[in-house]
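At position 299 of the sequence shown (counting the first as 1) the number is 299 in UniProt numbering, and the numbers step up by one without a gap.
Shown next, in structure tokens, is the structure this report addresses.
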Amino acid sequence: MYSVPLELLRAIVGQTGDHSALLTIRLASKACAAAATPHVFRVLTVRDSVRSADALVSLQNCGEEITGAVQELIFKGDPEGVGADVYVGEDETSGEEGRDALSAAFSGLPKFPHLATLRFDFHACFQEEDTFDIPSDPSHFLRVQRALLTTLAADPPPALVSLTLNNLIAMPDDLYADAAFQRVLQSLTRLRLSVLSDTVGEGAYAQETFTDFWEQSLTHVLRGATRLTTLELHSDQPLGFCLSLGDVRFSCLTTLTLRNFILDPTVADADVEAFIARHGATLVRLELDGCSVYGDAATWVFARPWHFILRRFEEALPHLRSFTLTPTGTFGYITLDIGHNYNMVDKDDITKTVKNR
């Protein structure tokens with residue numbers, strides 16, 4: 001009987017992207033199992049269900065061959081088969097039983113000694129009934145976020161360096177300032193956050209929960225994550241004066257991505273342009289996706305137009321090698337209709353402004 005050299009077997013397994021195929025290879029022989037196991041268990045996916053939580057616990061109780069292979073864990077908050085932005089009733093979720101099972105499972109993450117990357121893809125549809133105050137009866141989706149992040153703070157995996165929180169509900173929480181959660185942040189070199197809020201109602205930009213979340217909770221997060229080399233912050237609605245950036249600085253930051261941020265010089269503590277320029281000694285890649293420049297709706301004065309900002313970046317970011325700018329609307333300028341919402345400046349606005357001058 002012919003045998004495949006171990007080096008060739010490892011090369012074949014390394015080029016096999018299909019997870020079910022890897023499982024089949026693993027069952028073929030001891031040599032195949034040894035070659036395939038690190039690839040089969042390198043990335044684990046956990047869903048919002050008791051069954052999935054129990055499966056994670058079972059893996060934690062396996063030998064070092066398996067627990068030592070785990071490098072990345074992904075949590076999927078949407079029920080299987082449900083697309084993004086789809087309303088899900090409480091009776092369709094795992095409920096309290098599921099939250100308890102998930103908390104127990106995530107408390108065992110330290111059993112994976114090489115788990116370096118955590119990604120939470122929370123439910124993508126905002127479903128809190130009270131959007132102007134912290135809800136007295138939170139949805140399952142807000143409860144499961146709190147439960148998992150509290151568990152992460154109490155029992156973090158020892159090798160964690162990368163954390164992604166997608167669809168983080170914009171509700172302020174003392175957890176973000178807690179010493180245990182701050183210690184988790186201090187271990188990170190990569191942090192990616194996307195925020196989910198109520199974007200439907202008028203005045204959404206000024207909702208107390210939304211502003212407090214960015215002013216308080218997210219400020220604590222940024223101040224705690226001092227070792228970052230990569231930072232991505234995504235807001236689901238235009239973000240202006242909320243985030244306090246005045247004393248935030250990352251000495252090793254090389255990659256920065258901001259989405260839906262407003263460059264507004266009127267509030268010094270929230271000056272995004274100044275925040276970016278402070279990282280000129282290290283910043284190599286910068287992406288501004290859906291970002292805009294703020295101007296006064298009454299006077300149509302834009303204190304820092306795009307050409308001013310781009311010139312500032314050219315002077316302040318000498319090591320920049322990659323810059324991506326995709327402004328919102330036609331021109332990337334925005335004004336505030338107080339009491340309603342931010343408005344993008346369009347061609348008609350520009351024409352009207354020129355005629356009035």
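Don't be surprised by glycine CBs; every beta carbon is placed ideally from N, CA and C.
Everything numeric in this text was worked out from a predicted model, so none of it was measured.
How far does the beta strand (DSSP E) with residue i in it reach, from first residue to last?
i, result
"residue 287", "285-289"
"residue 293", "292-294"
"residue 335", "333-336"
"residue 323", "322-326"
"residue 341", "Where residue 341 is concerned, there is no enclosing beta strand (DSSP E), given that its DSSP letter is neither H nor E."
Is the CB-CB distance between residue i and residue j below 8 angstroms?
i, j, result
"residue 152", "residue 191", "no"
"residue 258", "residue 233", "yes"
"residue 43", "residue 66", "no"
"residue 53", "residue 101", "yes"
"residue 117", "residue 162", "yes"
"residue 199", "residue 237", "yes"
"residue 283", "residue 253", "yes"
"residue 286", "residue 261", "no"
"residue 270", "residue 241", "yes"
"residue 147", "residue 185", "no"
"residue 324", "residue 344", "no"
"residue 40", "residue 99", "no"
"residue 47", "residue 76", "yes"
"residue 268", "residue 316", "no"
"residue 60", "residue 87", "no"
By alpha-carbon positions, which one of the options ends up nearest to residue i?
i, options, result
"residue 155", "164, 176 and 181", "181"
"residue 160", "187, 41 and 134", "187"
"residue 326", "306, 281, 316 and 335", "306"
"residue 62", "208, 338 and 112", "112"
"residue 195", "108, 208, 183 and 171", "171"
"residue 297", "291, 340 and 249", "340"
"residue 158", "135, 71 and 316", "71"
"residue 213", "321, 174, 83 and 330", "174"
"residue 138", "106, 85, 96 and 176", "96"
"residue 342", "129, 205, 322 and 299", "205"
"residue 209", "183, 129 and 94", "129"
"residue 334", "321, 322, 320 and 304", "304"
"residue 346", "275, 82, 311 and 330", "330"
"residue 114", "104, 78 and 69", "69"
How would you write the range of the alpha helix (DSSP H) that residue i sits in, first residue to last?
i, result
"residue 46", "From DSSP, residue 46 is part of no alpha helix (DSSP H) but of the beta strand (DSSP E) over 43-47."
"residue 262", "Where residue 262 is concerned, there is no enclosing alpha helix (DSSP H), although the beta strand (DSSP E) it sits in stretches over 255-263."
"residue 150", "140-154"
"residue 311", "306-316"
"residue 272", "272-277"
Could you round the C-beta distance between residue i and residue j to whole angstroms and report it? I think they count as a contact, below 8 angstroms.
i, j, result
"residue 122", "residue 193", "The pair is not a contact, with the Cβ atoms about 11 angstroms apart (cut-off 8 angstroms)."
"residue 140", "residue 80", "Incorrect: roughly 16 angstroms between the Cβ atoms, too far for contact."
"residue 272", "residue 332", "Actually they do not touch by this definition, with Cβ atoms about 13 angstroms apart."
"residue 229", "residue 189", "5 angstroms"
"residue 125", "residue 178", "In fact, because the Cβ distance is near 28 angstroms, the residues do not count as touching under 8 angstroms."
"residue 309", "residue 263", "6 angstroms"
"residue 248", "residue 223", "6 angstroms"
"residue 120", "residue 166", "6 angstroms"
"residue 290", "residue 318", "Not quite, the Cβ-Cβ distance comes to about 26 angstroms (not below 8 angstroms), so this is no contact."
Q. Where in the stretch 201-239 do unbroken runs of the alpha helix (DSSP H), each at least 4 residues long, occur, reported from the N-terminal end onward?
A. 208-212 and 219-224
Q. Which ranges does the alpha helix (DSSP H) cover as unbroken runs of at least 4 residues, wholly within the stretch 59-122, from first to last along the chain?
A. 64-67 and 95-106
(Q) Threshold first: 3 residues or longer. Then list the beta strand (DSSP E) segments lying entirely within the stretch 160-199, N to C. (A) 162-169 and 190-196
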